[in-house]
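Reviewing the structure listed below.
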Amino acid sequence: MKHFYITTPIYYVNDVPHLGHAYTTMAADALARFHRMRGEETLLITGTDEHGQKVEEAAKKRGLAPRALVDQVSQRFVETWKALGIEVDDFIRTTEARHQKVVHDLWRRIEAAGDLYLATYEGWYCVGCEAFYTESQLDKEGDTWHCQIHKRPVDWVAKERSWFFRMSSYGQKLLDHIEKHPHFIQPEAYRKEVVAFVKTGLRDLSVSRTSFDWGIPVPSPDPQGLSHVIYVWMDALVNYMSALGDRWPATCHLIGKDILRFHAVYWPCFLMSAGLPLPRTIFTHGWWTVRGEKISKSMPATRIAPLDLAGQLGPHDFEIGVDAMRYYLLRETPLGNDGDFTFESLFARYNADLANDLGNLISRSLTMVGKFAEQAPPRRGVLPDGELERVAAVTVRDAATHLEGYAPSRALEVIWQLVREANRYIDTTQPWVIARDVTRAGELGHVLGTLLATLWTIARLIAPVLPATSRHLRDWIGDEAPLHWPGDAPLAEAPATLRASAPRPLFPRLDDKRQHAIVSAIVPPEAAAAPAAPPSARPAPSAPSASAAPPSARPERGPEGAESKGGPSGPITFEDFTKVELRVGLVTAAVKVPKADKLLHLTVDLGEAAPRSIVAGIAERFAPDEMVGRRVLVVANLAPRKMRGIESQGMILAAGDDTILGLAGVGDDVPPGTRVR
Ligand code: MSP
10 MKHFYITTPI YYVNDVPHLG HAYTTMAADA LARFHRMRGE ETLLITGTDE
60 HGQKVEEAAK KRGLAPRALV DQVSQRFVET WKALGIEVDD FIRTTEARHQ
110 KVVHDLWRRI EAAGDLYLAT YEGWYCVGCE AFYTESQLDK EGDTWHCQIH
160 KRPVDWVAKE RSWFFRMSSY GQKLLDHIEK HPHFIQPEAY RKEVVAFVKT
210 GLRDLSVSRT SFDWGIPVPS PDPQGLSHVI YVWMDALVNY MSALGDRWPA
260 TCHLIGKDIL RFHAVYWPCF LMSAGLPLPR TIFTHGWWTV RGEKISKSMP
310 ATRIAPLDLA GQLGPHDFEI GVDAMRYYLL RETPLGNDGD FTFESLFARY
360 NADLANDLGN LISRSLTMVG KFAEQAPPRR GVLPDGELER VAAVTVRDAA
410 THLEGYAPSR ALEVIWQLVR EANRYIDTTQ PWVIARDVTR AGELGHVLGT
460 LLATLWTIAR LIAPVLPATS RHLRDWIGDE APLHWPGDAP LAEAPATLRA
510 SAPRPLFPRL DDKRQHAIVS AIVPPEAAAA PAAPPSARPA PSAPSASAAP
560 PSARPERGPE GAESKGGPSG PITFEDFTKV ELRVGLVTAA VKVPKADKLL
610 HLTVDLGEAA PRSIVAGIAE RFAPDEMVGR RVLVVANLAP RKMRGIESQG
660 MILAAGDDTI LGLAGVGDDV PPGTRVR
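Residues 10 to 686 in the numbering used here are what the sequence shown spells out, letter by letter.
Now the structure itself:
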């Protein structure tokens, strides 16, 4: 049986899932769904990368033990993929025992091949990348060397004893493999990049660390008695084998361009040394920026939470919101290219392609069939359907070719040609005119039957990218058959038993007001002040300035664009300070705000007649239970404002920018309502 085993990178748990992670995972899910529909044995593997210095440091920063951090954040990834309807076959965590065993097996194979030796390492290390770099791979700014990806200074690792992997022995073998297997590294531009890199000569790679211990221990003894942990990339890459087991090798590692070298150079070299087969394809996609900015922790405006976006796009049907998000991300930019997320392009695609083309086709077709089916039972006869029949057949073939070739954007493009052709078919056949002439009942039944068969075809073609939309559509036409990809003559293949039930609008048009509301709900206030945001991507001036903001003690902004990072705008007078009324509050109740990862709804006693309702962006750091009974400091004279439909009557002081690190507080003996100055 043909198979398709696709993997996503395993995500670092120093960060919660954002749009970039969701992009890779949704793309992999769409491809996997397509292959499943083709009857192939299909597996989608994802997971979390939980070891290494970066994770250890992130835990320390949050005051957590690494184990606590990895358990917490890994769960966030599991939940996010579940909420997004991703069909995950195995979620692998590098802290699992089953993984450690496979890493040790690989280590021993490489050792047995004579490719490991002990020596001393010194050089530059980027903790963000978890990678050693030579100066030629870094940028110099003033006196410091900066990582080209993270744009931050790199660390100097001074003389650390380390196990080394003889990667230098594998350069030519890797080049030979790449040449013999043109599909190995895709798209072509990335294949060229790897070839050029390998041709400059591979150096032996340091594959263990002794300066920290959050990792898998090296199984070989060091005669000097030092304990080493395995380099996090060597550990992480093996996840694919841990998850696939006997089914190794993977058909495709889908990755972002930031991690090409690890996958297309290190990983194949490890596997060749261990005498194991290489993955069939490493497919590299580009990076999404958000309104021109790289998604990063220091730029809150770029941190679009996929669940929030889906919730906004499908306020009445979350799964439809997910479909809209998948459609935009997979249609807007070819998988290998970089993409820029803007609300303008999102709304334009939604309105033109989903609300207009697809939404209209579904509602017009079903309304028509519903209205005339008694008069003329839908049944395709011998009448030719000309263009529509031809376009349907070509679309089924071409969309499959594009999905097989990792080009979902091209697949959607051709599928939408069929959607438009079907709309044209209604315009030209004019069933409502045919219906007026009783002698044309056969013709009318044929047109109605053709519309149902076309919907049947489209419901299947869109299923990989728009699974919920497809399911609704199949329900409405009574298509209960297993979801396989259509054959060469789709309109003829559609069952004759299809019928129409009344649809409901899946993609209501987003008018200006709704667009505005979506932007306000998604864009944090920092973005509203960021010069990079185009006017239509900003909340209106009337929108409260701190709407989605974690209620940390954020300084008031100066004029728009004056500063974008949230630092103070300059000294303020004592009078300015006294305008802020700070009081001690006692939290008496706390619940999570539904569908808002960051928000808790608190009831806070300020010693007033009634307790206050306060919405605070601290849910990622504090569970509701931890908050009850706690004293907090509250900005008590902030104008009330609604967040997620809940009135917030104050702001809690919290430390930390994007990530909340702690809350400001006072001792338990200070009565609620006490003024703080
Ligand atoms: N843990 C490593 C991967 C180990 S795989 C053996 C890692 N993790 S990560 O959390 O940083 O996630 C990296 C992946 O997330 C990228 O390769 C890419 O697939 C996805 N993306 C993260 N940000 C992205 C964008 N801004 N745009 C597109 N994809 C992005 O690296």
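Ideal placement from N, C-alpha and C gives every residue a C-beta, glycine not left out.
Proximity test, residue i beta-carbon vs the ligand MSP heavy atom, cut-off 6 angstroms
| i | result |
| --- | --- |
| Ile101 | no |
| Trp297 | yes |
| Gly29 | yes |
| Ala648 | no |
| Ile19 | yes |
| Gly137 | no |
| Asp267 | yes |
| Tyr32 | yes |
| Asp58 | yes |
| Ile158 | no |
| Ile264 | yes |
| Ile95 | no |
| Thr304 | Before going on, a small fix: residue 304 reads as Ile here, not Thr. Yes, the beta carbon of Ile304 sits closer than 6 angstroms to at least one heavy atom of the ligand MSP. |
From the options, residue whose alpha carbon lies closest to that of residue i
| i | options | result |
| --- | --- | --- |
| Ala31 | Pro18, Asn23, Arg640 | Pro18 |
| Arg312 | Glu88, Ser251, Asp606 | Asp606 |
| Pro386 | Val216, Leu507, Tyr21 | Leu507 |
| Ser83 | Val403, Pro26, Ile443, Met10 | Pro26 |
| Asn248 | Glu96, Val111, Gly48, Ser529 | Val111 |
| Ala420 | Leu461, His525, Arg406 | Arg406 |
| Ser217 | Leu235, Val203, Asn360, Glu202 | Leu235 |
| Ile486 | Ser374, Gly665, Pro680, Arg449 | Ser374 |
| Leu457 | Gln81, Val442, His12 | Val442 |
| Ala67 | Gly676, Leu670, Val685 | Leu670 |
| Ala505 | Glu105, Asp520, Leu519, Glu489 | Glu489 |
| Glu105 | His60, Trp90, Arg85 | His60 |
| Leu367 | Val391, Ala382, Pro417, Ala431 | Ala431 |
Local conformation of residue i per DSSP, three classes
| i | result |
| --- | --- |
| Thr668 | coil |
| Leu661 | Per the sequence shown, the amino acid found at residue 661 is Ile instead of Leu. Reduced to three states, the DSSP call for Ile661 is strand. |
| Met308 | coil |
| His493 | coil |
| Arg592 | strand |
| Gly301 | coil |
| Ala67 | helix |
| Val25 | coil |
| Gly320 | helix |
| Leu269 | helix |
| Thr463 | helix |
| Trp223 | coil |
| Cys278 | helix |
| Ile119 | helix |
| Ser545 | In this predicted model, Ser545 has a pLDDT of only 37, less than 50, meaning its place in the structure is not dependable; the value taken from the coordinates is given anyway. Reduced to three states, the DSSP call for Ser545 is helix. |
| Asp606 | coil |
| Trp296 | coil |
| Gln426 | helix |
| Ile264 | strand |
| Tyr130 | strand |
| Tyr14 | strand |
| Tyr142 | strand |
| Ile19 | coil |
| Gly704 | Residue coverage of the chain in this structure runs from 10 to 686, which leaves residue 704 outside it and unanswerable. |
| Asp98 | coil |
Closer than 6 angstroms: residue i CB and nearest the ligand COA heavy atom
| i | result |
| --- | --- |
| Leu246 | With respect to the ligand COA, the structure offers nothing, as its ligand set consists of the ligand MSP. |
Below-7 angstroms beta-carbon distance, residue i vs any chain C residue
| i | result |
| --- | --- |
| Ala283 | Absent from the structure is chain C; it holds one protein chain and no more. |
Problem set entry | Three CB pairs or more closer than 8 angstroms across the stretch 207 to 214 and the stretch 152 to 163 | no
Exercise. Can we say the stretch 306 to 323 touches the stretch 269 to 276, given the rule of at least three CB pairs closer than 8 angstroms?
Worked result: no
Exercise. Between the stretch 343 to 357 and the stretch 297 to 316, do three or more beta carbon pairs fall short of 8 angstroms?
Worked result: yes
Exercise. Are at least three pairs of beta-carbons, each pair with one atom in the stretch 329 to 346 and one in the stretch 456 to 476, less than 8 angstroms apart?
Worked result: yes
For this session: Give a yes or no on contact between the stretch 226 to 240 and the stretch 166 to 175, applying the rule of three or more CB pairs nearer than 8 angstroms.
Result: yes
Exercise. Pairing CB atoms from the stretch 449 to 469 with CB atoms from the stretch 385 to 400, are three or more of them under 8 angstroms?
Worked result: yes
Problem set entry | Stretch-stretch touch, CB-based, cutoff 8 angstroms, three pairs: the stretch 638 to 645 with the stretch 587 to 595 | yes
Exercise. Taking three-plus beta-carbon pairs below 8 angstroms as touching, is the stretch 395 to 411 in contact with the stretch 32 to 42?
Worked result: no
Exercise. Taking contact to mean at least 3 C-beta pairs separated by less than 8 angstroms, is the stretch 490 to 504 in contact with the stretch 462 to 473?
Worked result: yes
For this session: Say whether the stretch 50 to 67 touches the stretch 503 to 519, bearing in mind that this needs 3 or more beta-carbon pairs closer than 8 angstroms, one atom from each stretch.
Result: no
For this session: Please determine if the stretch 136 to 154 and the stretch 190 to 198 are in contact, where contact requires at least 3 C-beta pairs separated by less than 8 angstroms.
Result: no
Problem set entry | Given 8 angstroms, three or more beta-carbon pairs between the stretch 278 to 285 and the stretch 112 to 120 | yes
Problem set entry | Inter-stretch contact (C-beta, 8 angstroms, three-pair minimum) for the stretch 671 to 686 and the stretch 627 to 640 | yes
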